[in-house]
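Q:
2 protein chains.
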Amino acid sequence: MEPGPPGSFGPAEPGPCLSGQRGADHAASASLQSAARTEPGGHSLAVAAVLPAGGCGERMGVPTPKQFCPILERPLISYTLQALERVYWIKDIVVAVTGENMEIMKSIIQKYQHKRISLVEAGVTRHRSIFSGLKALAEDQLNSKLSKPEVVIIHDAVRPFVEEDVLLKVVTAAKEHGAAGAIRPLVSTVISPSADGCLDHSLERARHRASEMPQAFLFDVIYEAYQQCTDYDLEFGTECLQLALKYCRTKAKLVEGSPDLWKVTYKRDLYAAESIIKEIISQEICVVMDSKEDNKHVGHLLEEVLKSELNVHFLDFKLVPPSQKMENLMQIKEFSKKVKERNILLYGLLISYPQDEQKLQESLRQGAIIIASLVKERNSGLIGQLLIA
Amino acid sequence: MEPGPPGSFGPAEPGPCLSGQRGADHAASASLQSAARTEPGGHSLAVAAVLPAGGCGERMGVPTPKQFCPILERPLISYTLQALERVYWIKDIVVAVTGENMEIMKSIIQKYQHKRISLVEAGVTRHRSIFSGLKALAEDQLNSKLSKPEVVIIHDAVRPFVEEDVLLKVVTAAKEHGAAGAIRPLVSTVISPSADGCLDHSLERARHRASEMPQAFLFDVIYEAYQQCTDYDLEFGTECLQLALKYCRTKAKLVEGSPDLWKVTYKRDLYAAESIIKEIISQEICVVMDSKEDNKHVGHLLEEVLKSELNVHFLDFKLVPPSQKMENLMQIKEFSKKVKERNILLYGLLISYPQDEQKLQESLRQGAIIIASLVKERNSGLIGQLLIA
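Protein sequences, first through last, are from chains U and F. Position one of the first sequence corresponds to residue 1 (the UniProt record's numbering), numbered consecutively onward. Position one of the second sequence corresponds to residue 1 (the UniProt record's numbering), numbered consecutively onward.
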């Protein structure tokens with residue numbers, strides 16, 4: 001079973017990749033291009049992104065900072081970078097990491113072949129890290145490959161499921177309003193406690209929103225805001241939109257975001273992210289058949305049964321001649337170890353093919369259940385096993 | 001592998017069960033009992049719980065209301081009921097469900113053998129459902145097995161991981177303050193939008209909290225509040241603590257809750273809940289060995305290797321004589337189907353036992369990886385398979 005989609009994100013790349021939203025991306029890109037063409041002078045909008053990734057993940061309850069936690073063996077931040085890289089009109093991505101994680105970050109960039117990434121040293125707070133990223137974009141240093149963008153996106157390293165659609169919306173709104181940010185309805189009512197730990201008042205849920213990421217700003221607006229803001233803001237503030245309002249009188253446009261924008265904060269969020277990634281990956285599988293000429297239609301029968309088990313977008317049956325090498329059980333195991341390095345999970349499945357139509361259907365149904373559960377769970381501990389339907 | 005813990009929540013009961021927090025529960029119960037004994041008159045505190053479960057789960061993006069969504073084949077609400085039932089000092093649990101889901105709810109209660117549950121018909125809003133539940137507790141109807149409690153807990157059907165510890169805290173605080181509720185730090189900054197969809201102002205995150213569940217009230221306080229409150233409150237309000245404040249001038253005590261109290265709201269939350277339940281269940285496994293007398297120590301070797309793979313609290317090796325029936329591969333398959341009905345997932349594992357020490361270790365390591373991944377994933381599609389290490 002092949003986890004990676006076709007094209008540049010294929011299985012030759014180490015670690016799983018996401019491709020679920022590509023169709024939507026293309027449509028959105030076209031729309032940005034046409035928006036950009038309406039700019040004065042007809043040139044494209046220069047857009048960069050800043051990703052603060054200096055957090056220590058104390059809420060997660062694990063020693064690894066959450067942006068570096070592995071999901072299906074690949075660090076969380078790598079999924080987020082991939083989501084931003086897919087958007088071709090983001091020219092530069094500046095990631096702020098602490099000195100002690102700099103080498104880890106460099107190795108992630110190399111291993112997953114991330115492009116357009118520049119690293120800067122994170123500050124001790126989120127705002128200071130963002131400010132570092134902005135400075136790197138502002139300064140016209142010699143030898144710097146970065147140049148000042150017109151609009152800058154600020155996103156979190158721990159929101160891996162950001163789509164081009166919402167990035168386009170905040171960038172377009174920032175171009176018009178000076179600032180823009182994604183929002184979501186509140187899940188819980190927000191209350192204000194009194195000093196003695198009792199309820200002072202509760203806020204009307206319908207009149208408030210959760211401020212999420214991504215946000216986007218005219219570069220000059222947010223850079224000005226960071227240059228003017230106080231140490232108190234840099235230490236204790238959390239909201240970039242608020243800085244733009246306070247120091248540049250820029251009222252941010254609020255853009256409704258999707259539930260996928262949520263921030264991986266707790267351990268349960270890692271579980272959820274893993275399941276979502278599995279689900280996206282599982283939409284494409286490859287079944288390699290080894291059946292005799294006259295039994296060829298068993299493949300089509302299996303395909304029919306599989307369709308009811310799996311939400312498969314693409315299903316490729318390759319009817320290959322049985323290889324002598326594959327006949328041996330131990331050789332399947334060895335082969336599966338080899339292809340695992342290319343992120344392909346290989347399992348053997350023996351479907352008995354009785355003449356009795358009812359038994360055949362039962363056998364196919366069993367096979368489909370086994371394939372579906374292997375695809376869903378992506379259990380790398382079971383590669384090379386010969387399963388029997 | 002046996003998913004259920006020993007005792008009354010064992011595998012004979014259909015569907016998986018949770019037992020992770022039992023130790024803590026006992027300590028907390030003892031503390032409530034001693035607290036209750038200090039009551040005027042020395043009698044125990046009468047506590048009931050109301051569970052509004054009339055929601056339609058529109059945010060989930062699935063047709064089934066979220067409280068009825070299956071997690072490992074068992075409906076979410078059943079886990080929540082189990083969490084409340086484990087707390088022996090909660091005398092009655094009143095669940096408010098819509099008329100159309102009444103039969104489903106009854107069948108869940110029967111299938112999972114829930115006790116102390118009374119059903120009432122839910123209203124069209126959350127507040128109306130809670131009010132229905134309170135009415136059922138207040139009215140001294142003929143033939144009603146319910147009686148008015150001193151303190152009532154209000155909880156959500158979609159927060160399955162509530163622990164006795166926090167229930168005890170809110171009940172104790174409610175007894176003293178009249179009302180109490182669990183709170184959590186805000187994950188996102190909360191903002192207030194202006195009418196034109198722009199940022200009006202953002203709230204200081206440190207000065208606000210998310211109001212979660214459970215909450216508890218002196219019954220007379222919350223019942224009075226519901227009787228007095230307006231139709232507007234019943235239609236558009238969300239916060240019970242606010243009603244107690246507004247109509248009874250009762251300032252609720254706020255109790256810091258654990259991250260586990262989160263509300264299953266989106267599809268990703270179902271994924272997270274499933275992973276958490278799997279993790280709890282996976283802490284107890286049973287390995288049935290079939291090995292020759294002189295190879296007995298392979299069991300202990302495997303146990304050693306398994307310890308590094310699994311966070312197992314209890315591991316029981318039963319060295320049973322090999323049954324003739326089990327020798328046949330097809331019979332393992334048939335047997336696994338039978339025990340699946342009792343919620344036991346059975347897999348076969350053949351560990352080769354070479355004389356070469358290095359090869360033996362490799363074989364054991366492979367076996368441990370396979371066992372660990374089966375336990376972690378609880379893949380019911382693969383039951384009855386003979387896997388080879």
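No residue lacks a Cβ here, since even glycine has one placed at the ideal position from N, Cα and C.
(1) Between Leu51 (chain F) and Val87 (chain F), which are expected to be in contact by the criterion C-beta below 8 Å, what is the C-beta distance as a whole number of angstroms?
(2) Does any C-beta atom of chain F lie closer than 7 Å to the C-beta of Ile191 (chain U)?
(3) Do Thr125 (chain F) and Glu235 (chain F) come within 7 Å of each other at the CB atom, strictly closer than that value?
(4) Beta-carbon within less than 8 Å of Glu239 (chain F)'s beta-carbon, same chain only, minus the 5 sequence neighbours each way: which residues are those?
(5) Nearest-angstrom Cα distance between Arg365 (chain F) and Ala216 (chain F)?
(6) In whole angstroms, give me the CA-to-CA distance for Phe360 (chain U) and Ile369 (chain F).
(7) Closer than 6 Å: is that where the CB of Gly54 (chain F) sits relative to any heavy atom of the ligand MN?
(8) DSSP has Arg268 (chain F) in a bridge; who is on the other side?
(9) Within 10 Å of its beta-carbon, does Ala206 (chain F) have 16 or more other beta-carbons around it, so buried, or fewer, so exposed?
(10) Classify His155 (chain U): buried if its beta carbon has 16 or more other beta carbons within 10 angstroms, exposed otherwise.
(11) Distance, Cα to Cα, Asp260 (chain U) vs Leu134 (chain F)?
(12) What residues match up with Phe161 (chain U) in a beta bridge as DSSP calls it?
(13) Nearest to Val264 (chain F) by alpha carbon, out of U:Thr172, U:Gly257, U:Ala272?
(14) Does Glu362 (chain U) have its Cβ less than 7 Å from a Cβ in chain F?
(15) Mapping DSSP to helix, strand and coil, what is Lys253 (chain F)?
(16) Buried or exposed for Thr230 (chain U), please, with buried defined as at least 16 other CB atoms from any protein chain shown within 10 angstroms of its CB.
(17) Lys359 (chain F) by DSSP, collapsed to three states: which one?
(18) Under three-state DSSP, which class holds His201 (chain F)?
(19) Measuring CB to CB, does Gly257 (chain F) end up less than 7 Å from Val166 (chain F)?
(20) Using a beta-carbon distance below 7 Å, is Asn343 (chain U) in contact with chain F?
(21) If you draw a straight line from the C-alpha of Asp220 (chain F) to the C-alpha of Gln228 (chain F), how long is it?
(22) Per the DSSP calculation, Arg184 (chain U) is bridged to which residue(s)?
(23) Residues in the same chain with beta-carbon distance under 8 Å from Leu346 (chain U), minus the five sequence neighbours each way, listed in chain order, please.
(24) With a cut-off of 7 Å, does the C-beta of Leu241 (chain U) fall near any C-beta of chain F?
(25) Taking 7 Å as the CB-CB limit, is Val264 (chain F) close to chain U?
(26) Which same chain residues, not among the five before or five after Glu377 (chain F), have their C-beta less than 8 Å away from its C-beta?
(27) So with CB distances below 7 Å, who are the chain F contacts of Gln385 (chain U)?
(28) Pair every Cβ in the region 112 to 121 of chain F with every Cβ in the region 172 to 189 of chain F, then say whether three or more of these pairs are closer than 8 Å.
(29) Determine the DSSP secondary structure at residue 410 (chain F), reduced to helix, strand or coil.
(30) Using 8 Å for Cβ pairs, my map puts Leu270 (chain U) next to Gly367 (chain U). What's the rounded Cβ distance?
(31) How would you label Arg209 (chain U), buried or exposed, when you count the other beta carbons within 10 angstroms and need 16 or more for buried?
(32) In chain F, which residues lie less than 8 Å from Glu163 (chain U) when you measure between Cβ atoms?
(33) Using a Cβ cut-off of 9 Å, pull out every chain U residue sitting near Gly202 (chain F), in sequence order please.
(34) If the cut is a Cβ gap below 9 Å, which residues of chain F does residue 392 (chain U) touch?
(35) Which of the three DSSP states, helix, strand or coil, is assigned to Val339 (chain F)?
(36) If the cut is a Cβ gap below 7 Å, which residues of chain U does Gly123 (chain F) touch?
A: Inspection of the coordinates gives the following:
(1) On the second sequence, position 51 is the one that residue 51 (chain F) refers to. On the second sequence, position 87 is the one that residue 87 (chain F) refers to. About 13 Å separates the two Cβ atoms, so there is no contact after all.
(2) Here residue 191 (chain U) refers to the residue found at position 191 when the first sequence is read from its first residue. Using beta-carbon distances, Ile191 (chain U) counts as an interface residue toward chain F, with a partner under 7 Å.
(3) One-based indexing of the second sequence puts residue 235 (chain F) at position 235. One-based indexing of the second sequence puts residue 125 (chain F) at position 125. Taking 7 Å as the cut-off, the beta carbon of Glu235 (chain F) is found closer than this to the beta carbon of Thr125 (chain F).
(4) Start at 1 with the first residue of the second sequence, and residue 239 (chain F) comes out as number 239. Result list for Glu239 (chain F): Ser211, in chain order.
(5) Locating residue 365 (chain F) in the second sequence gives position 365, counting from the first residue. Locating residue 216 (chain F) in the second sequence gives position 216, counting from the first residue. Distance between Arg365 (chain F) and Ala216 (chain F), taken at the CA atoms: about 50 Å.
(6) The residue labelled residue 360 (chain U) in the question sits at position 360 within the first sequence. The residue labelled residue 369 (chain F) in the question sits at position 369 within the second sequence. Note on residue identity: the sequence assigns Leu, not Phe, to residue 360 (chain U). Spanning the alpha carbons of Leu360 (chain U) and Ile369 (chain F) requires a straight line of approximately 33 Å.
(7) Looking for the ligand MN in the displayed structure turns up nothing, as the structure carries no ligands at all.
(8) Here residue 268 (chain F) refers to the residue found at position 268 when the second sequence is read from its first residue. Note: Arg268 (chain F) sits in no beta bridge, so no partner.
(9) As a working note, residue 206 (chain F) is residue 206 in the second sequence. Per the 10 Å Cβ criterion, exposed.
(10) Position 155 of the first sequence, counted from the start, is the residue given in the question as residue 155 (chain U). His155 (chain U) counts as buried, since no fewer than 16 other beta carbons sit within 10 angstroms of its beta carbon.
(11) Locating residue 260 (chain U) in the first sequence gives position 260, counting from the first residue. Locating residue 134 (chain F) in the second sequence gives position 134, counting from the first residue. Spanning the two alpha carbons is a distance of roughly 37 Å.
(12) Within the first sequence, numbered from 1, the residue matching residue 161 (chain U) stands at position 161. Looking at the DSSP assignment, Phe161 (chain U) forms no beta bridge with any residue, so it has no partner.
(13) Here residue 264 (chain F) refers to the residue found at position 264 when the second sequence is read from its first residue. Here the closest residue by C-alpha is U:Ala272.
(14) What you label residue 362 (chain U) is simply residue 362 of the first sequence in a count that begins at 1. Not an interface residue.
(15) Against the second sequence, residue 253 (chain F) aligns to sequence position 253. Strand, per DSSP.
(16) Walking along the first sequence from the start, residue 230 (chain U) turns up at place 230. Around the beta carbon of Thr230 (chain U), fewer than 16 other beta carbons lie within 10 angstroms, which makes this residue exposed.
(17) Here residue 359 (chain F) corresponds to residue number 359 of the second sequence, with the count starting at 1. Helix.
(18) The residue given as residue 201 (chain F) occupies position 201 in the second sequence. When secondary structure is reduced to three states using DSSP, His201 (chain F) falls in the strand class.
(19) As a working mapping, residue 257 (chain F) is identified with position 257 in the second sequence. As a working mapping, residue 166 (chain F) is identified with position 166 in the second sequence. Annotated as proximal: Gly257 (chain F) and Val166 (chain F), with beta-carbon spacing under 7 Å.
(20) Translated into the one-based positions of the first sequence, residue 343 (chain U) becomes position 343. It does not; no Cβ of chain F falls within 7 Å.
(21) Working through the second sequence from its first residue, we reach residue 220 (chain F) at position 220. Working through the second sequence from its first residue, we reach residue 228 (chain F) at position 228. Rounded to the nearest whole angstrom, the C-alpha separation of Asp220 (chain F) and Gln228 (chain F) is 12 Å.
(22) Within the first sequence, residue 184 (chain U) is the residue found at index 184, counting from 1. DSSP lists U:Ala210 as the beta-bridge partner residues of Arg184 (chain U).
(23) Here residue 346 (chain U) refers to the residue found at position 346 of the first sequence. Excluding positions up to five away in sequence, the list reads Met1, Ile332, Phe335, Ser336, Val339, Lys340, Ile383, Gly384.
(24) Walking along the first sequence from the start, residue 241 (chain U) turns up at place 241. Cβ-Cβ to chain F under 7 Å: yes for Leu241 (chain U).
(25) As a working mapping, residue 264 (chain F) is identified with position 264 in the second sequence. Val264 (chain F) has a beta carbon lying at 7 Å or more from every beta carbon in chain U.
(26) One-based indexing of the second sequence puts residue 377 (chain F) at position 377. Result list for Glu377 (chain F): Lys278, in chain order.
(27) Counted from its first residue, the first sequence places residue 385 (chain U) at position 385. Chain F residues near Gln385 (chain U): Leu387, Ile388.
(28) With the cut-off at 8 Å, the region 112 to 121 of chain F and the region 172 to 189 of chain F do not touch.
(29) As shown, chain F starts at 1 and ends at 389. That puts residue 410 (chain F) outside it, with no answer to give.
(30) Indexing the first sequence from 1 puts residue 270 (chain U) at position 270. Indexing the first sequence from 1 puts residue 367 (chain U) at position 367. With a Cβ gap of about 32 Å, Leu270 (chain U) and Gly367 (chain U) do not count as contacting.
(31) Here residue 209 (chain U) refers to the residue found at position 209 of the first sequence. Under a 10 Å Cβ-count criterion, Arg209 (chain U) is classified as buried, with 16 or more other Cβ atoms of the shown protein chains found around its own Cβ.
(32) Counted from its first residue, the first sequence places residue 163 (chain U) at position 163. Chain F residues near Glu163 (chain U): none, gap ~15 Å exceeds 8 Å.
(33) Here the question's residue 202 (chain F) lines up with position 202 in the second sequence. Residue identity differs from the one stated: residue 202 (chain F) is Ser in this sequence, not Gly. By Cβ distance, chain U contributes Ser211, Thr238, Glu239, Leu241, Gln242, Leu245.
(34) Here chain U has residues from 1 to 389 only, and residue 392 (chain U) is not among them.
(35) For the purposes of this step, residue 339 (chain F) is taken as the residue at position 339 of the second sequence. Three-state result, Val339 (chain F): helix.
(36) Counting from one through the second sequence, the residue named residue 123 (chain F) turns up at place 123. Neighbours of Gly123 (chain F) on chain U: none; closest Cβ ~18 Å, over 7 Å.
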